[in-house]
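*Asks:*
Protein chains: 2
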Amino acid sequence: MNAATSALLADLYELTMLQGYFEEGMDQTAVFEFFVRKLPANRNFLLAVGLEQALAFLEHFHFTAQDLQWLEETKRFQRGFLSYLGKLRLHCDVDAMPEGTAFFANEPILRVTGPLPQAQIVETRLMNLLNFQTTIASKAVRCVLAAPGRKLADFGLRRTHGAEAGMLAARASYLAGFTGTSNVLAGRLYDIPLFGTMAHSYIQAHDKEEDAFRRFAYANPDNVVFLLDTYDTETAAEKVVSLARLLARDFIRIQAVRLDSGDLAVHARRVREILDRGGLHEVRIFASGGLDEYKLQELARGGVPIDGFGVGTHMSTSSDAPFLDCAYKLEEYAGRARFKLSEGKVTWPGIKQVYRAYDSNGKMTFDTLTIKGEAEVRNALIQPYMRAGKRLRPARRLEESRQFVATEVNSLPVALRRLEPVEPYPVKVSRSLETLARAVGGPRFDAQ
Amino acid sequence: MNAATSALLADLYELTMLQGYFEEGMDQTAVFEFFVRKLPANRNFLLAVGLEQALAFLEHFHFTAQDLQWLEETKRFQRGFLSYLGKLRLHCDVDAMPEGTAFFANEPILRVTGPLPQAQIVETRLMNLLNFQTTIASKAVRCVLAAPGRKLADFGLRRTHGAEAGMLAARASYLAGFTGTSNVLAGRLYDIPLFGTMAHSYIQAHDKEEDAFRRFAYANPDNVVFLLDTYDTETAAEKVVSLARLLARDFIRIQAVRLDSGDLAVHARRVREILDRGGLHEVRIFASGGLDEYKLQELARGGVPIDGFGVGTHMSTSSDAPFLDCAYKLEEYAGRARFKLSEGKVTWPGIKQVYRAYDSNGKMTFDTLTIKGEAEVRNALIQPYMRAGKRLRPARRLEESRQFVATEVNSLPVALRRLEPVEPYPVKVSRSLETLARAVGGPRFDAQ
Chain A
1 MNAATSALLA DLYELTMLQG YFEEGMDQTA VFEFFVRKLP ANRNFLLAVG
51 LEQALAFLEH FHFTAQDLQW LEETKRFQRG FLSYLGKLRL HCDVDAMPEG
101 TAFFANEPIL RVTGPLPQAQ IVETRLMNLL NFQTTIASKA VRCVLAAPGR
151 KLADFGLRRT HGAEAGMLAA RASYLAGFTG TSNVLAGRLY DIPLFGTMAH
201 SYIQAHDKEE DAFRRFAYAN PDNVVFLLDT YDTETAAEKV VSLARLLARD
251 FIRIQAVRLD SGDLAVHARR VREILDRGGL HEVRIFASGG LDEYKLQELA
301 RGGVPIDGFG VGTHMSTSSD APFLDCAYKL EEYAGRARFK LSEGKVTWPG
351 IKQVYRAYDS NGKMTFDTLT IKGEAEVRNA LIQPYMRAGK RLRPARRLEE
401 SRQFVATEVN SLPVALRRLE PVEPYPVKVS RSLETLARAV GGPRFDAQ
Chain B
1001 MNAATSALLA DLYELTMLQG YFEEGMDQTA VFEFFVRKLP ANRNFLLAVG
1051 LEQALAFLEH FHFTAQDLQW LEETKRFQRG FLSYLGKLRL HCDVDAMPEG
1101 TAFFANEPIL RVTGPLPQAQ IVETRLMNLL NFQTTIASKA VRCVLAAPGR
1151 KLADFGLRRT HGAEAGMLAA RASYLAGFTG TSNVLAGRLY DIPLFGTMAH
1201 SYIQAHDKEE DAFRRFAYAN PDNVVFLLDT YDTETAAEKV VSLARLLARD
1251 FIRIQAVRLD SGDLAVHARR VREILDRGGL HEVRIFASGG LDEYKLQELA
1301 RGGVPIDGFG VGTHMSTSSD APFLDCAYKL EEYAGRARFK LSEGKVTWPG
1351 IKQVYRAYDS NGKMTFDTLT IKGEAEVRNA LIQPYMRAGK RLRPARRLEE
1401 SRQFVATEVN SLPVALRRLE PVEPYPVKVS RSLETLARAV GGPRFDAQ
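Line by line, the protein sequences give chains A and B.
To convert, note that position 323 of the first sequence is 323 in our numbering; the numbers rise steadily by one, no gaps.
To convert, note that position 217 of the second sequence is 1217 in our numbering; the numbers rise steadily by one, no gaps.
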């Protein structure tokens, strides 16, 4: 069973609500929007990611005969309803921000419009896909900003939360500007460049470190990166210098060495010196081991001679903010704006659009959150992607999305690119949206 | 493609190392152990979970023809090596702590013994499975300890890191003592009780809240739980009281109401009073919304009349500690103990066993970390599970593991069951293990 594609990967309440809608004949058009209520403390902006997986999920959504049989066995559902579920295919419209768009609190990044049961049943999985990938891309881009000009490789698979998290973290971090991943399956599925050569165990399994280096080089002549810190980093660097002459005779080039523990700045400087003294100016230094954007920034600002980093756990779990305060909220049903008043959770009602203003240098200056269609300004961020269940265009190539992120990050106000929290980016609310909020929510609307 | 079962869900270095071992003919017996170096700051103990998934992964591991074809296209691997990979099946031995065992820093919870390439190639996925499920179970059991006598349901799927995380979090939290989950597929696959009825959107889609309640009850007569906080919690509770009479005539029983926002303690007391005044003493109160073990403890200690909780994001992402500082370390190859000296990462060498001592009340008093086979004491925690790739016993039923956890938690010293960090549980190191550590590691061994 592949959990990732099962229609049963949903909260039970989606099904019990649908049974209600089925009995009541409630299938008029509903509009749901996915948005983040509040940015995590250490995020000045977020990157919208997950649209491609969301669209694929909507395209292929269906209950299998086995699903239905099992649902019947639970005795929770009536025959007529289950027969309806068996025929259910999705014919929703989807409007969304393109993957990689920078966005802020209260701005919808995805809107689903369709018959109420169809737009409801997908809530859990859509949130699951958008929350995670947006979380990871928004963490990964901080690593990219912290280490300008350095190559970053995703090393996080061993500590991601399961298999799909490993796949989607590789994708989201590449999209955010990483150079590649260690995850072989992600390399295959998403065509992401792969990184990786040897673990400490490889060195340990050999009686002598120099034997491990030499044999690895002959077995993998096009991918020679030596891990230096199994016993003593600088001694290992000296061995690399000796070995280089032998390998050169067989036209094998040492590409890099990797440091994985200790004070990376100190070791990198010493190793650079040893390599340079040995004539190995071309051999790059790669570092890994518990890195996050703060350590990357410290090393990069210190001018430490490290050319690339393997960034694992902290990025691939977004360890300081492993989730977003996000919602998939019903905005309209049967042509009427819907709202709720639950304390601390009041939000902007209605079907919304976001417009973005830029200055003459192409830097973002402010966003306007409006009612959709109210005023046609330039730079509407939410665009059509799916109509009646069919994609309006083929999936965008990951490389294109990655390029889009690079442009997007360049257009951010410089202050927002800092790791430290800064004054929030201005998101203005249009007068008509304020009026609607007052009309439906009374004096208690207090979001923003 | 199902990422969860693919042999390519691995770090690239596993494959480049294997190509080295293949060329060198290095296939003698290797022993790897998985352990946690250091407990997260807010954990007094961990629960070992993930063994079942690890064993299933080892049993079924193989490369498909498509995998091999793609690997060949990468031009990283030689034909002979790929042909060897195609035939590779795992014949490893596995010894491990039973699922649900409480354990501490430096204690191996899983050992893989087999030909070096076989025991190496599975590193990434084994770590991925054990790290995540142990992380989640160890967070979930804190929620269970914080709210004694209350039912807890996993509501976390929307913010887990992808699909597999949602499935495994439902399983790990149930194992840790949760009562059930909202995740339908987890209910199906693991036979976990399901919870869930309606979202705010259900109320919003109806013009009147009382209509939503009534219609839901008739559509789902055996599963009537009303969500009260869409507009005004206490007003909604009054509507429930009125509706109860009508439903009773049709033999429909209201099981519970749910609160999802605001001051849960205040609302629960008011709602309890309204329900009791209306004669609805049997109707339970269920609460959800951003809960973690600290909020649960506060509510439980305050004697708030809440009978059950939906616990989502904080549990299912283990938000305060979303990963473990864990390793899968080569301990022995070709009969010789292996070690590494990398700064800050020195660990106990050799193949180990853990013995647990109990006092006369059945409470754990201390553990002893020893060299395997050195002294046969009672209560060896690491037990045989797989020999030459075959399971020694059928998979333990989840209910049994859940019962085992309950017993295990009961045997913990009382102080360790607190949410606050306490004096670490004593893990003694045997003299022979100390001697081995000094012998192979010199004076720099300083782990523990």
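Positions of the beta carbon are idealized from the N, C-alpha and C atoms, including for glycine.
A quick note: this is a predicted structure, and the numbers were derived from the prediction, not measured.
What's the gap between the Cα of Arg438(A) and the Cα of Ala96(A)?
*Replies:* Our two residues, Arg438(A) and Ala96(A), have alpha carbons roughly 26 Å apart in a direct line.
*Asks:* DSSP on Ser318(A), reduced to helix/strand/coil?
*Replies:* coil
*Asks:* Looking at the C-beta of His1200(B), does it have a partner C-beta in chain A at a distance below 8 Å?
*Replies:* yes
*Asks:* Would you kindly work out how many angstroms separate the C-alpha atoms of Gly303(A) and Ala268(A), rounded to a whole number?
*Replies:* 11 Å
*Asks:* May I ask which residues mark the beginning and end of the beta strand (DSSP E) holding Thr1368(B)?
*Replies:* 1364 to 1371
*Asks:* Determine, using beta carbons only, whether Lys38(A) comes closer than 8 Å to chain B.
*Replies:* No, Lys38(A) does not count as interfacial toward chain B.
*Asks:* Who are the near neighbours of Gln1133(B) in its chain, counting only those whose CB is closer than 6 Å to its CB and skipping five residues on each side?
*Replies:* Val1049, Gly1050, Leu1168, Ala1172
*Asks:* Please classify Gly25(A) as buried or exposed, where buried requires at least 16 other C-beta atoms within 10 Å of its C-beta.
*Replies:* With fewer than 16 Cβ atoms within 10 Å of its Cβ, Gly25(A) is classed as exposed.
*Asks:* In chain B, which residues lie with their C-beta within 8 Å of the C-beta of Gln19(A)?
*Replies:* Ala1219, Asn1220
*Asks:* Roughly how many angstroms separate the alpha carbons of Arg111(A) and Glu298(A), rounded to a whole number?
*Replies:* 40 Å
*Asks:* With three or more C-beta pairs closer than 8 Å as the rule, is the region 1219 to 1230 of chain B touching the region 1334 to 1343 of chain B?
*Replies:* At 8 Å Cβ cutoff, the stretches do not touch.
*Asks:* Which bits of chain A does Met1001(B) rub up against, with CB to CB less than 7 Å?
*Replies:* Leu189
*Asks:* Go ahead and pull the three-state DSSP assignment for Asn1410(B).
*Replies:* In the structure shown, Asn1410(B) falls within a helical segment according to DSSP collapsed to helix, strand and coil.
*Asks:* Excluding the 5 residues preceding and the 5 following Arg358(A) in the sequence, name in chain order all residues of the same chain whose CB lies nearer than 8 Å to its CB.
*Replies:* Note that residue 358(A) is Tyr in the sequence shown here, rather than Arg. Closer than 8 Å at the Cβ level, and outside the excluded window around Tyr358(A), lie Met364, Thr365, Asn379, Ser411.
*Asks:* Ignore the nearest five residues each way along the sequence and tell me which others in Phe195(A)'s own chain have a CB closer than 6 Å to its CB.
*Replies:* Taking C-beta separations shorter than 6 Å and ignoring five residues to either side along the sequence, the partners of Phe195(A) in its chain run Ala153, Gly180, Ser182, following chain order.
*Asks:* Note down, one range per segment and in chain order, each alpha helix (DSSP H) of at least 4 residues found wholly within the region 33 to 100 of chain A.
*Replies:* 51 to 60, 65 to 73, 79 to 87
*Asks:* What separation, rounded to the nearest whole angstrom, lies between the Cα atoms of Leu243(A) and Thr235(A)?
*Replies:* 12 Å
*Asks:* If you draw a straight line from the alpha carbon of Ala1199(B) to that of Lys1329(B), how long is it in whole angstroms?
*Replies:* 46 Å
*Asks:* If the cut is a Cβ gap below 8 Å, which residues of chain B does Ser319(A) touch?
*Replies:* Pro1322, Phe1323
*Asks:* Secondary structure at Gly1302(B), three-state DSSP: helix, strand or coil?
*Replies:* In the structure shown, Gly1302(B) sits in coil (DSSP, three-state: anything other than H, G, I, E or B).
*Asks:* Please specify which runs of the beta strand (DSSP E), each continuous and at least 3 residues long, are wholly inside the region 1226 to 1295 of chain B, giving them in chain order.
*Replies:* 1256 to 1259, 1284 to 1288
*Asks:* Mapping DSSP to helix, strand and coil, what is Lys1329(B)?
*Replies:* strand
*Asks:* Using alpha carbons as the reference points, say which of Leu1324(B), His1206(B), Thr1370(B), Ala1287(B) lies closest to Thr1435(B).
*Replies:* Thr1370(B)
*Asks:* Spatial neighbours of Cys143(A) within its chain, please: CB distance less than 7 Å, with the 5 preceding and 5 following residues excluded, ordered by chain position.
*Replies:* Leu152, Glu293, Leu296, Val311, Met315
*Asks:* Is the distance from the Cβ of Thr1160(B) to the Cβ of His161(A) below 8 Å?
*Replies:* yes
*Asks:* By Cβ distance below 6 Å, which residues in the same chain neighbour Phe1213(B) in space, the five residues on each side in sequence not counted?
*Replies:* Phe1226, Leu1243
*Asks:* Please confirm whether Tyr1202(B) and Met1(A) have their CB atoms less than 8 Å apart.
*Replies:* no
*Asks:* Determine which residues of the region 164 to 197 of chain A have a Cβ less than 9 Å from any Cβ of chain B, and write them out in chain order.
*Replies:* Glu164, Ala165, Gly166, Met167, Leu168, Ala169, Thr181, Ser182, Asn183, Val184, Leu185, Ala186, Gly187, Arg188, Leu189, Leu194, Phe195, Gly196, Thr197
*Asks:* Within 8 Å of any Cβ in chain A, is that where the Cβ of Arg1076(B) sits?
*Replies:* True, the Cβ-Cβ gap to chain A drops below 8 Å.
*Asks:* Would you give the residue range spanned by the beta strand (DSSP E) that Ala153(A) belongs to?
*Replies:* 151 to 154
*Asks:* Going by other Cβ atoms of all chains shown within 10 Å of its Cβ, with 16 needed for buried, is Thr313(A) buried or exposed?
*Replies:* Buried is the call here.
*Asks:* State the Cα-Cα distance for the pair Ala7(A) and Ala1219(B), rounded to the nearest angstrom.
*Replies:* 21 Å
*Asks:* Give me, in chain order, the residues of the same chain whose beta-carbon lies closer than 8 Å to that of Arg391(A); leave out the 5 immediate sequence neighbours on both sides.
*Replies:* Leu55, Glu59, Tyr385
*Asks:* Name the residues in the region 260 to 287 of chain A whose C-beta lies less than 7 Å from a C-beta of chain B; which are they?
*Replies:* Asp260, Ser261, Gly262
*Asks:* According to DSSP, which residues form a beta bridge with Ala1165(B)?
*Replies:* DSSP, once it has assigned bridges, lists no residue as partnering Ala1165(B).
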